[in-house]
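Worksheet for the structure shown next.
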Ligand code: LLP
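Residue numbers (full-length UniProt numbering): 21 to 438.
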């Protein structure tokens with residue numbers, strides 16, 4: 021079931037009315053359904069049940085501690101890209117570190133040290149230079165680093181160019197054609213243990229076909245590496261499974277089924293432990309950004325709806341021309357609609373949530389919900405225009421809990437020196 025549905029004429033999150041939450045905690049406000057996050061997690065568990073695997077949720081999609089804790093409690097691992105994200109994981113779980121993979125093209129020595137000491141499962145190494153530094157840090161700390169190379173498979177995946185990563189022209193990974201040579205070099209390092217091969221071709225990928233194509237290339241490489249005498253035990257298939265942001269029909273269970281089948285087929289019975297790094301698929305549709313209409317106005321031929329949320333709270337429309345459905349929290353009995361730009365208070369023309377969008381006629385004081393905002397919403401929020409980062413609420417089993425309070429102006433200014 022969709023977590024955001026009307027009860028009577030009032031929009032609710034897993035049974036909790038959004039209007040009450042706006043009154044209690046103010047707006048803008050992120051509201052998440054913990055129930056749906058776990059449902060999505062369970063879909064993965066069900067579809068990959070026959071496969072030796074670990075789900076490593078991509079922390080960057082939504083890094084809220086309460087959400088990480090919810091996932092850690094269900095045995096989920098994590099894909100991290102910084103020392104900061106590792107700290108988050110360590111703070112919510114005593115044993116999740118051994119299910120952590122560390123991705124990213126720019127890992128620094130201090131971050132490597134933190135991960136080595138925490139005993140993470142695997143580093144996804146993205147360059148020869150990084151391999152060298154990691155070998156040095158591991159030797160210094162006398163901690164074996166289990167590694168995979170993140171290979172760049174040169175597979176095209178249809179998505180926004182800013183979030184496509186699997187082509188040679190992108191900064192990500194190591195050219196799969198030279199991977200074998202780099203593995204040979206890694207195998208000579210006393211403190212490095214090559215145990216896996218990783219791939220990640222991009223994000224918000226709707227077709228499951230490119231995932232299969234990329235993984236098939238990885239499987240070939242694993243076979244070669246085993247011939248070279250390496251004990252490769254892990255294949256990390258990355259994340260990237262897309263969702264439906266529009267109003268079209270979307271069956272998440274069928275999507276995961278199709279995705280799992282594509283991966284299983286590409287694996288072809290290869291005996292390895294599969295790692296998966298979904299982010300968006302778990303949290304996007306579980307979250308909404310709740311906002312109040314401040315003003316409406318007409319400039320020439322255009323109507324503007326100005327909300328109290330802005331691009332600093334949800335940057336996806338500005339950055340990727342992303343579509344988010346915008347719906348009124350209270351459904352009116354009138355069928356009247358307007359065509360408007362829905363914009364925030366930030367001083368940039370790029371500060372919009374939608375352009376020329378038809379929506380029910382809203383007026384000052386009305387609440388609107390920006391749907392499917394649970395992934396890459398709060399985690400990309402900033403203080404631009406000296407706006408406080410907003411509060412977050414998590415709904416579980418019919419109960420709403422504030423999991424982050426609104427930032428105060430004092431907190432925003434605290435690091436500055438006069
Ligand atoms: N693994 C790696 C190595 C990644 O770089 C990412 C996302 C994921 C997993 C998770 O991908 P997902 O399952 O969430 O698609 N800010 C953009 C998305 C950036 C994705 C970055 N990497 C957006 O709002 O669409």
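Just so you know, even glycine gets a beta-carbon here, dropped at the ideal spot from N, CA and C.
Being a predicted model, the structure only gives us computed values, none of them experimental.
Cβ shell of residue i (< 7 Å), same chain only, five flanking positions each side left out
i	result
residue 351	26, 29
residue 144	121, 122, 123, 168, 170, 218, 256
residue 112	85, 88, 89, 92
residue 304	263, 392, 394, 395
residue 94	58, 61
residue 426	46, 408, 410, 411
beta-carbon residue i near the ligand LLP non-hydrogen atom, thresh 7 Å
i	result
residue 78	yes
residue 400	yes
residue 340	yes
residue 305	no
residue 261	yes
residue 299	yes
residue 234	no
residue 104	no
residue 99	yes
residue 123	yes
residue 87	no
residue 140	no
residue 258	yes
Reference residue i, options the options, closest by Cα
i	options	result
residue 192	169, 395, 157	169
residue 381	398, 369, 361	361
residue 370	386, 181, 341, 290	341
residue 209	279, 148, 261, 180	148
residue 385	325, 355, 339	325
residue 321	178, 376, 102	376
residue 128	283, 109, 104, 69	104
residue 108	38, 47, 79	79
residue 73	300, 348, 284	284
residue 276	265, 287, 302, 293	302
residue 138	146, 117, 126	117
residue 399	349, 225, 424	424
Rounded Cβ spacing between residue i and residue j (contact assumed at less than 8 Å)
i	j	result
residue 151	residue 132	Incorrect: roughly 11 Å between the Cβ atoms, too far for contact.
residue 221	residue 258	7 Å
residue 429	residue 408	7 Å
residue 312	residue 323	18 Å between Cβ atoms; not a contact.
Close-in-space but distant-in-sequence residues of the same chain around residue i (CB under 8 Å, 5 per side omitted)
i	result
residue 211	155, 158, 159, 162, 163, 164, 165
residue 405	330, 332, 365, 366, 367
residue 175	186, 187, 221, 230, 233, 234, 237
residue 290	239, 242, 243, 255
residue 397	50, 82, 307, 309, 333, 334, 336
Same chain, Cβ closer than 6 Å to residue i, neighbours up to 5 away in sequence not counted
i	result
residue 228	278, 279, 282
residue 55	34
Restricting to runs no shorter than 3 residues, where is the beta strand (DSSP E) found entirely within the stretch 171-231?
212-218
So within the stretch 106-146, which uninterrupted beta strand (DSSP E) runs reach at least 3 residues, ignoring any that extend past its ends?
120-122, 142-145
Inside the stretch 288-346 only - beta strand (DSSP E) runs reaching at least 3 residues:
293-296, 307-319, 322-327
Counting only runs that start and end within the stretch 43-115, where is the beta strand (DSSP E) found for 3 or more residues in a row?
Correct list: 49-53, 73-78, 97-100.
Counting only runs of 4+ residues fully inside the stretch 339-395, write out the alpha helix (DSSP H) ranges in chain order.
none
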